[in-house]
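In full-length UniProt numbering, the protein residues as written are 1 to 227. Quick reminder that beta carbons are idealized off the backbone N, C-alpha and C, glycines included.
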């Protein structure tokens, strides 16, 4: 059976990993990654399209300056992307998040196993926890980088805005605001770092205790040596 110290620290790490797993599910399930206001200029009137969307779907609202007509539409992201690069990047982000979800699940399993037992395999111990948390954090960081790249370089919001405004008009300006679904990923990275720090302190304390028990005999008291 593991010691109380090990049980307590690995249980804390498990809770952190479990929260990370839940947060990744929230990131994938919610559609509040981005809110954009895209302005198009035309010969007859100007059009402003307001978008709120995630990796899978979103909503858009179109308003005309002439006549103040407003229309609302729901759309599927993958179905309405004609830009192959933007579509591939969006798919890559989804795949990366699925991998991070798997890593978080494995990390939760490893920490739970160590909280209730002493695995014989080295990789099932702290090394495994370090590995899966680090991979999860790296995947999340990559997703956080790729999404803004898709917005700024591949003009994802502009492409989706044309779902609401199919008329051949000129894009004049854009304003973007990242939603809570995107910023939750930053919390996930901190949770992974927290898990690694907790296990590091346990591993360091265990190593220090082991070295203390293996002190050379010359460091022992004289009366013990004489005995």
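If you run the structure through DSSP and keep just helix, strand and coil, what is residue i?
i           : result
residue 117 : coil
residue 7   : helix
residue 98  : helix
residue 110 : helix
residue 56  : coil
residue 20  : helix
residue 46  : strand
residue 74  : strand
residue 82  : coil
Using beta-carbon positions only, say whether residue i and residue j come within less than 8 Å of one another.
i           : j           : result
residue 41  : residue 172 : yes
residue 159 : residue 63  : no
residue 163 : residue 32  : no
residue 13  : residue 111 : yes
residue 108 : residue 18  : yes
Buried or exposed for residue i, going by 16 or more other Cβ atoms inside 10 Å?
i           : result
residue 205 : exposed
residue 186 : exposed
residue 119 : exposed
residue 161 : buried
residue 78  : exposed
residue 3   : exposed
residue 218 : Below a pLDDT of 50, predicted positions are generally treated as unreliable, and residue 218, at 49, falls in that range; the measurement from the model is reported next regardless. Exposed.
residue 53  : buried
residue 153 : exposed
residue 183 : exposed
Establish whether the CB of residue i and some CB of chain D are separated by less than 8 Å.
i           : result
residue 199 : Reference to chain D is not applicable here, since this structure consists of a single protein chain.
Item to check | Complete alpha helix (DSSP H) runs within the segment 128-216 (minimum length 4 residues, chain order) | outcome: Counting only runs of 4 or more, we get 156-164, 180-213.
Checklist entry - Counting Cβ pairs closer than 8 Å, one from the segment 83-99 and one from the segment 137-148, do we hit at least three? => result Result yes; three or more Cβ-Cβ pairs closer than 8 Å.
Checklist entry - Is it true that the segment 96-112 meets the segment 123-140, where meeting means three or more beta-carbon pairs spaced less than 8 Å apart? => result yes
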